[in-house]
Amino acid sequence: MLEISKLDGFYGNSRALQGIDLTVPTGTFLSVLGRNGVGKTTLMRAMLGLLDRTDGAIRLDGKDINRLPTHERARAGIGYVPQGRGILPRFTVYENLQLGGFARTSDRGKELEALVFDMFPILREFRNRAGGNLSGGQQQQLAIARALMTDPRIILLDEPAEGIQPNIVELIEEAILSLNRRFGITIVLVEQNIPFARRASTDFAILEKGRVVASGPIAGLTDDLVHRHMAV
Ligand SMILES: Nc1ncnc2c1ncn2[C@@H]1O[C@H](COP(=O)(O)OP(=O)(O)OP(=O)(O)O)[C@@H](O)[C@H]1O
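For the sequence shown, my numbering begins at 7 and goes up steadily by one.
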């Protein structure tokens with residue numbers, strides 16, 4: 007269970023997150039929605055300890071992790087697939103995967119390696135290629151696989167379909183779904199694609215100006231809410 011309470015997040019003096027409260031039970035698939043600039047990426051970065059300053063609490067299975075440095079949050083079980091993917095371009099596919107392994111506390115390395123190659127066969131085929139030579143869709147598969155190599159309990163994904171060819175988007179979406187449904191990994195997804203959010207999620211949260219303005223089970227994500235908070 008991930009519990010965020012009264013979370014404020016700052017860039018310098020600017021309060022980009024304002025009193026966020028969110029409860030994410032284990033196994034939940036939460037889609038975080040909202041227009042550009044409302045704080046979705048900032049919320050992910052706050053959970054990972056990548057902001058200048060945060061106030062409030064972030065509890066993972068009862069333990070407040072909000073004072074832990076980022077690498078310890080990774081070791082506590084939080085995986086991250088950042089916007090833009092964050093692949094190291096000069097490292098091979100295999101080396102990028104191994105980077106995920108540094109944050110792993112379990113001894114499931116070989117098992118996870120087999121799993122990610124099974125899930126994304128292209129990564130096995132291109133294991134010795136430089137990450138920078140992969141297409142956007144292949145890099146996104148690598149970013150998800152790298153997060154999985156940490157053996158996480160939760161994976162945070164920031165707009166994983168952004169800038170990806172439509173035929174690959176479906177593969178990525180199915181992979182994210184299977185992380186949740188097949189492996190029971192809790193998912194927090196920043197997403198613009200409402201049909202996918204509706205199909206995949208158990209829960210949603212809509213942000214506006216750094217606050218949660220609507221949240222709950224996905225069945226409550228009405229067209230009216232979508233129009234009010236997501237239309238341009
Ligand atoms: N590095 C930064 N320094 C200062 N302000 C920032 C920084 N990054 C984001 N902001 C501001 O924080 C607010 C929230 O931005 P954030 O990127 O979290 O929004 P978002 O909902 O993820 O949008 P997008 O969909 O465009 O990624 C915006 O007002 C933005 O201008």
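Heads up, the beta-carbon is just placed ideally off N, CA and C, and yes, glycines get one too.
Sequence-distant residues of the same chain with beta carbon closer than 8 Å to residue i, five excluded per side
i, result
"residue 62", "10, 11, 12, 13, 14, 25, 26 and 72"
"residue 106", "85, 151, 152, 153, 154, 155 and 156"
"residue 129", "99, 103, 122, 123, 144, 147, 148 and 151"
"residue 218", "26, 27, 28, 211 and 212"
"residue 119", "103 and 155"
Proximity winner among the options, relative to residue i (alpha-carbon distances)
i, options, result
"residue 163", "172, 29 and 148", "148"
"residue 235", "215, 222, 225 and 224", "215"
"residue 223", "207, 130 and 230", "207"
"residue 202", "178, 188, 190 and 189", "178"
"residue 112", "134, 82 and 200", "82"
"residue 8", "134, 225, 89 and 64", "64"
"residue 161", "40, 59 and 53", "53"
"residue 88", "116, 232, 229 and 168", "168"
"residue 49", "194, 220, 18 and 139", "194"
"residue 141", "173, 220 and 221", "173"
"residue 77", "109, 41 and 40", "109"
"residue 205", "183, 40, 139 and 127", "183"
"residue 134", "237, 95 and 159", "95"
Nearest-angstrom Cβ-Cβ length linking residue i and residue j, presumed shorter than 8 Å
i, j, result
"residue 211", "residue 36", "6 Å"
"residue 137", "residue 93", "4 Å"
"residue 198", "residue 176", "Not confirmed; about 16 Å, so no contact."
"residue 192", "residue 30", "6 Å"
"residue 60", "residue 196", "Contact flag wrong, Cβ pair sits at about 18 Å."
"residue 33", "residue 190", "5 Å"
"residue 74", "residue 43", "Not a contact, Cβ separation roughly 28 Å."
"residue 181", "residue 125", "6 Å"
Own chain, CB closer than 6 Å to residue i, minus 5 neighbours either side, in chain order
i, result
"residue 227", "210"
"residue 97", "137"
"residue 51", "57"
"residue 66", "8 and 82"
"residue 132", "99"
For residue i, the first and last residue of its enclosing alpha helix (DSSP H)
i, result
"residue 1", "Nothing in the structure corresponds to residue 1, since the chain is present only between 7 and 238."
"residue 206", "200-206"
"residue 119", "115-125"
"residue 229", "229-236"
"residue 73", "Element bounds for residue 73: n/a, residue is neither H nor E."
"residue 5", "As displayed, the chain neither begins before 7 nor continues past 238, which places residue 5 out of reach and without an answer."
Span of the beta strand (DSSP E) around residue i
i, result
"residue 51", "Looking at the DSSP string, residue 51 is not in any beta strand (DSSP E); the run it does join, the alpha helix (DSSP H), is 46-54."
"residue 9", "8-17"
"residue 24", "20-30"
"residue 60", "59-66"
Any C-beta of chain B under 7 Å from that of residue i
i, result
"residue 151", "Protein chains in the displayed structure number just one, and chain B is not present."
Cut-off 7 Å between Cβ atoms - residues of its own chain near residue i, not counting five sequence neighbours on either side
i, result
"residue 232", "200"
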